[in-house]
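In our numbering, the protein residues as written are 37 to 509. Even glycine gets a Cβ: it sits at the ideal position worked out from N, Cα and C. Model, not experiment: these values are computed from the prediction. Comments concern the structure below.
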Ligand code: NAD
């Protein structure tokens with residue numbers, strides 16, 4: 037917990053309560069939705085070098101109103117039960133907002149991955165997976181983990197292999213036990229970039245509403261908007277890269293745990309990725325100024341602040357330093373409840389985590405569907421579509437007696453590959469979800485902000501499911 041602020045879990049509950057009173061659902065039902073259904077706290081030994089270490093880890097399933105439950109696994113020295121409970125709760129609402137038919141879950145292992153070798157991380161990951169298997173906390177129809185802070189496709193491949201080892205080939209859908217896997221290991225193209233790409237689509241959507249931008253004193257459109265991003269890991273990197281390449285946004289600063297780099301004219305993100313790969317840090321990048329001051333990123337002059345690292349980064353101690361008019365929550369829970377009150381009073385637009393970073397779970401859903409169908413998206417219809425388009429072009433050319441250029445022809449007749457379908461499905465999802473949230477915010481009375489609106493959208497869907505299911509026995 038930060039000194040002058042609520043814990044992440046308290047903030048999540050406060051946000052829930054604020055929205056719950058604005059819904060029509062009975063108190064008992066809301067109380068059921070609010071709580072986590074199952075919390076599995078575990079301790080297991082792992083031999084690291086010559087020593088044995090006792091590892092603390094968690095898996096929390098927040099709601100089974102839809103199954104399987106779904107949520108990432110985080111490796112961080114700050115993991116504790118409440119943090120995982122908060123993240124699992126957010127997963128339920130996130131899935132509901134983007135119409136992904138899963139309940140929410142989350143996992144966490146209390147380790148700092150930087151301090152372990154690859155071999156040690158593999159041991160820890162495999163042992164954690166076995167603990168989940170033993171208690172029935174993993175499986176394609178039960179609970180499906182994915183990457184989160186400190187984990188990526190490498191860990192997901194280890195989880196898959198461990199799960200398949202124990203299912204002894206008897207489970208035909210075993211590959212769907214985890215998502216975010218490498219493409220060659222039953223993964224899907226576009227999963228790694230998905231959360232960052234979703235953040236970009238969400239931001240672009242919000243910026244396209246001219247009246248909303250006018251109210252913030254900004255011009256419409258994402259092009260030219262100045263972004264400051266905290267965290268240059270999976271989510272931060274892809275958000276920066278895609279916003280710059282596809283949206284023409286200007287990334288003026290990137291912050292990491294050891295400092296911030298700044299250039300008011302914009303940072304070349306592709307060059308920064310190379311610089312980080314070569315030097316293992318973002319700092320001292322050519323053409324940028326390095327700032328070492330704590331919270332240095334947060335007070336910079338910019339239009340959009342994108343926290344993409346960890347929770348509780350914006351709190352009562354630093355909220356008044358913020359100049360940005362839009363905060364895009366790429367990370368989960370980056371703003372404490374107290375700081376949020378200050379920002380809402382200042383009419384800062386906050387694009388809430390449970391919507392904005394839902395691109396990851398959306399594409400995880402596509403990956404899970406791919407695993408169950410045992411086939412790559414586009415395989416059945418790509419050629420068929422391509423041939424149909426060629427026939428149409430031929431007919432148009434014949435009828436008009438005019439030739440279409442080679443380049444245009446290639447563009448028009450191209451059938452969709454898996455990556456095209458994934459990106460298009462993600463874009464459709466993020467656009468529709470934003471419209472639903474904005475509509476609730478604008479149309480319903482007493483809804484103070486987009487987060488409350490997002491909660492209401494989610495609660496209505498989850499509550500409807502519970503009402504339809506009834507109570508057993
Ligand atoms: P990651 O581990 O790939 O990257 C996080 C980055 O933040 C790292 O580079 C780390 O060094 C940096 N960081 C840590 N502390 C920092 C600090 N105090 N200041 C600046 N930088 C700091 O993690 P990620 O997957 O990118 O996740 C980031 C956030 O996004 C988390 O809140 C996570 O829950 C959320 N998220 C991730 C996904 C996903 O698909 N990976 C999906 C939804 C939400």
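Cβ-Cβ distance between residue i and residue j below 8 Å
i           : j           : result
residue 104 : residue 80  : no
residue 48  : residue 122 : yes
residue 226 : residue 217 : no
residue 396 : residue 454 : no
residue 183 : residue 238 : no
residue 125 : residue 146 : no
residue 361 : residue 254 : yes
residue 305 : residue 277 : yes
residue 489 : residue 477 : yes
residue 214 : residue 236 : no
residue 387 : residue 403 : no
residue 44  : residue 119 : yes
residue 429 : residue 449 : yes
residue 133 : residue 394 : yes
residue 94  : residue 186 : no
residue 106 : residue 78  : no
residue 378 : residue 485 : no
residue 290 : residue 280 : no
residue 173 : residue 76  : yes
residue 188 : residue 247 : no
residue 99  : residue 498 : yes
residue 312 : residue 268 : yes
heavy atom of the ligand NAD below 7 Å from residue i C-beta
i           : result
residue 181 : no
residue 231 : yes
residue 51  : no
residue 314 : no
residue 291 : yes
residue 184 : yes
residue 348 : no
residue 257 : no
residue 44  : no
residue 271 : yes
residue 396 : yes
residue 393 : yes
residue 138 : no
residue 422 : no
residue 276 : no
residue 268 : yes
residue 345 : yes
residue 73  : no
residue 490 : no
residue 141 : no
residue 222 : no
residue 364 : no
residue 356 : no
residue 367 : yes
residue 108 : yes
Residue closest to residue i, alpha-carbon to alpha-carbon, out of the options
i           : options               : result
residue 73  : 464, 385, 97 and 83   : 97
residue 295 : 370, 306 and 324      : 324
residue 336 : 355, 246 and 346      : 355
residue 195 : 210, 165, 206 and 267 : 165
residue 87  : 78, 152, 403 and 234  : 152
residue 338 : 351, 327 and 301      : 301
residue 399 : 465, 372, 427 and 245 : 465
residue 52  : 492, 389, 374 and 170 : 492
residue 266 : 342, 308, 307 and 317 : 342
residue 410 : 221, 369, 440 and 377 : 221
residue 243 : 285, 326 and 207      : 285
residue 495 : 56, 50 and 46         : 56
residue 293 : 261, 327 and 310      : 327
residue 60  : 509, 353, 480 and 505 : 480
residue 273 : 42, 233, 206 and 191  : 233
Closer than 8 Å to chain B by CB, residue i
i           : result
residue 326 : Among the chains of the structure shown, chain B does not appear; only one protein chain is present.
- request: Tell me the start and end of each unbroken alpha helix (DSSP H) in the stretch 179-207 that is at least 4 residues and wholly inside, in chain order.
  value: 189-203
query: Which runs of the alpha helix (DSSP H) fall wholly inside the stretch 454-501 and span at least 4 residues, in chain order?
result: 454-479
field: Within the stretch 373-454, ranges of the beta strand (DSSP E) (whole runs, at least 3 residues)
entry: 385-387
task: Scan the stretch 267-346 and note each continuous beta strand (DSSP E) run of 3 residues or more that stays entirely inside, going in chain order.
output: 286-292, 295-298, 325-327 and 340-343
- request: Would you list, in sequence order, the uninterrupted alpha helix (DSSP H) runs of no fewer than 4 residues that lie entirely inside the stretch 56-141?
  value: 63-70 and 117-133
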